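Structure, as structure tokens:
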Amino acid sequence: MKAMFIYNPSSGKADAEQYKETTINVLEGLGYKVIIKETEKQNDAMVFAKEACAEKIDFLLAMGGDGTINEVVNGLAEQLHRPLFSFIPLGTVNDFARALGIPLDPHLAIEAVKMTHTQMVDIGQIGDKYFMNIVAIGEIASRVAEATVEQKTKMGSLAYLLEGMKAIISDEEVEMTITHDSGIWKGTPLLLLVALTNSVGGFEKMVNSAEVNDGKLHIYIIKQAGLTSIARMGAKILLGNLDKDNGVEVIETSSVLIESENPLYCNVDGDEGDCTPLEIKVLPKHIKMLIPQKN
Numbered sequence: 006m007k008a009m010f011i012y013n014p015s016s017g018k019a020d021a022e023q024y025k026e027t028t029i030n031v032l033e034g035l036g037y038k039v040i041i042k043e044t045e046k047q048n049d050a051m052v053f054a055k056e057a058c059a060e061k062i063d064f065l066l067a068m069g070g071d072g073t074i075n076e077v078v079n080g081l082a083e084q085l086h087r088p089l090f091s092f093i094p095l096g097t098v099n100d101f102a103r104a105l106g107i108p109l110d111p112h113l114a115i116e117a118v119k120m121t122h123t124q125m126v127d128i129g130q131i132g133d134k135y136f137m138n139i140v141a142i143g144e145i146a147s148r149v150a151e152a153t154v155e156q157k158t159k160m161g162s163l164a165y166l167l168e169g170m171k172a173i174i175s176d177e178e179v180e181m182t183i184t185h186d187s188g189i190w191k192g193t194p195l196l197l198l199v200a201l202t203n204s205v206g207g208f209e210k211m212v213n214s215a216e217v218n219d220g221k222l223h224i225y226i227i228k229q230a231g232l233t234s235i236a237r238m239g240a241k242i243l244l245g246n247l248d249k250d251n252g253v254e255v256i257e258t259s260s261v262l263i264e265s266e267n268p269l270y271c272n273v274d275g276d277e278g279d280c281t282p283l284e285i286k287v288l289p290k291h292i293k294m295l296i297p298q299k300n
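Numbering (our numbering), first residue to last: 6 to 300.
Put into structure tokens, the structure is as follows:
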């Protein structure tokens with residue numbers, strides 16, 4: 006059996022090196038011949054993942070943050086042979102790991118590779134790219150994309166919150182048209198979330214109804230609101246019932262077209278993506294993953 010191990014040495018405050026040998030030892034202990042790939046620049050992980058598919062590797066294991074994992078997913082998405090996949094999370098937020106139940110402690114995540122539970126999970130397609138967790142659109146999303154690597158490393162989810170607050174107190178409104186399976190929505194939302202999983206920005210109950218393989222895009226439309234309403238919504242995020250707030254509208258769909266009167270950039274899995282108009286769809290149960298079995 007062959008395994009490819011892709012790791013990003015700059016992830017998690019450059020902690021990858023200290024976990025590298027332990028990970029390789031675990032893979033070899035499971036009987037794999039290990040091919041080691043170290044990323045040096047953007048999109049390396051995507052290229053390596055495509056190589057793993059072309060070489061019909063049995064198991065692909067990645068180590069890095071959400072950006073690295075997103076690259077791997079983009080490398081796997083269009084290939085005929087997609088190996089069993091898992092990862093060791095080393096990022097700032099690690100939303101995909103939270104949604105899948107992969108331990109955030111690297112030592113525990115490495116041990117979890119020894120488990121045998123697998124599950125088919127959904128991924129999303131946005132234009133000619135792919136994502137595994139969230140697309141955010143609106144002034145908040147544009148501001149959040151401005152959070153620096155240094156801010157995210159020092160403050161984690163708080164960095165996103167602080168940048169988002171700058172948009173909340175601004176007066177800018179942009180009308181959007183959202184065309185989905187059941188109709189059309191028009192309005193000027195403060196923020197639009199298109200989620201595949203429950204975890205957003207480190208808040209594990211943000212989109213409480215989402216499952217990793219339900220075949221749905223969960224669209225949360227956060228309507229224009231003052232600071233008092235935003236504070237109320239914040240409390241509901243922590244309780245896992247944001248969808249019950251009267252300032253939020255929820256749509257479940259398999260695909261969506263998002264248009265706006267002025268171009269708006271989106272944030273895809275924590276990084277800046279393309280601007281509107283955007284076509285997004287779900288690819289149901291597209292990737293087979295090795296993950297811990299939930300109780």
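Idealized CB from N, CA, C, for every residue including glycine. Note that this is a predicted model, so its numbers are computed, not measured.
Among the candidates the options, whose CA atom is the shortest distance from the CA of residue i?
i    : options               : result
F64  : T97, A102, K25, V118  : V118
M120 : V287, G34, L196, I74  : G34
A104 : E178, S265, D274      : D274
E216 : I263, K299, W190      : K299
I41  : N267, N48, K25        : K25
G192 : N213, C280, T182, I74 : T182
E178 : G188, I189, L197, A67 : L197
Y37  : G188, H185, F92, M6   : M6
P297 : G252, F92, K290       : F92
L288 : I226, T258, G220      : G220
I128 : G96, V77, L109, N48   : V77
In its own chain, which residues sit with a C-beta less than 6 Å from the C-beta of residue i, not counting the 5 before and 5 after it?
i    : result
D72  : Position check: residue 72 holds Gly in this sequence, whereas Asp was assumed. Here the set comprises D276.
S260 : K286
P282 : E264
L167 : With a pLDDT of 49 at L167, under the threshold of 50, the modelled position of that residue is not reliable, and the figure given next carries that caveat. Within the same chain, L167 has no close Cβ partners at all.
Quick one: what's got a C-beta closer than 8 Å to residue i's C-beta in the same chain, skipping five residues either side?
i    : result
E22  : P14
N267 : V179
M294 : L89, F90, S91, L105, T123, Q124, M125, V126
L109 : P94, N99, A102, R103
Beta-carbon of residue i versus every beta-carbon of chain C: anything under 8 Å?
i    : result
W190 : Checking the listed chains, one finds no chain C in this structure; it contains a single protein chain.
Quick check on DSSP: helix, strand or coil for residue i?
i    : result
A215 : coil
G69  : strand
Q23  : helix
A164 : Reliability of the predicted coordinates at A164 is poor, the pLDDT of 47 falling under 50, and no value is obtained from them.
L113 : helix
I74  : helix
G34  : helix
A8   : strand
N79  : helix
V118 : coil
M51  : helix
D63  : coil
D127 : strand
E45  : coil
T97  : coil
Which residues in the same chain as residue i place their Cβ atom closer than 7 Å to its Cβ, once the five residues preceding and following it in sequence are excluded?
i    : result
N79  : M51, K134, Y135
L81  : A54, C58, R87, F90, I292
V39  : A8, F10, I29, L32, E33
V205 : D100, I139, L198, M211, V212
D279 : G132, C271
Quick one, are the C-beta atoms of residue i and residue j less than 8 Å apart?
i    : j    : result
I142 : L269 : yes
L195 : L222 : no
A102 : P94  : yes
N203 : N218 : no
K290 : E254 : no
Y12  : E45  : no
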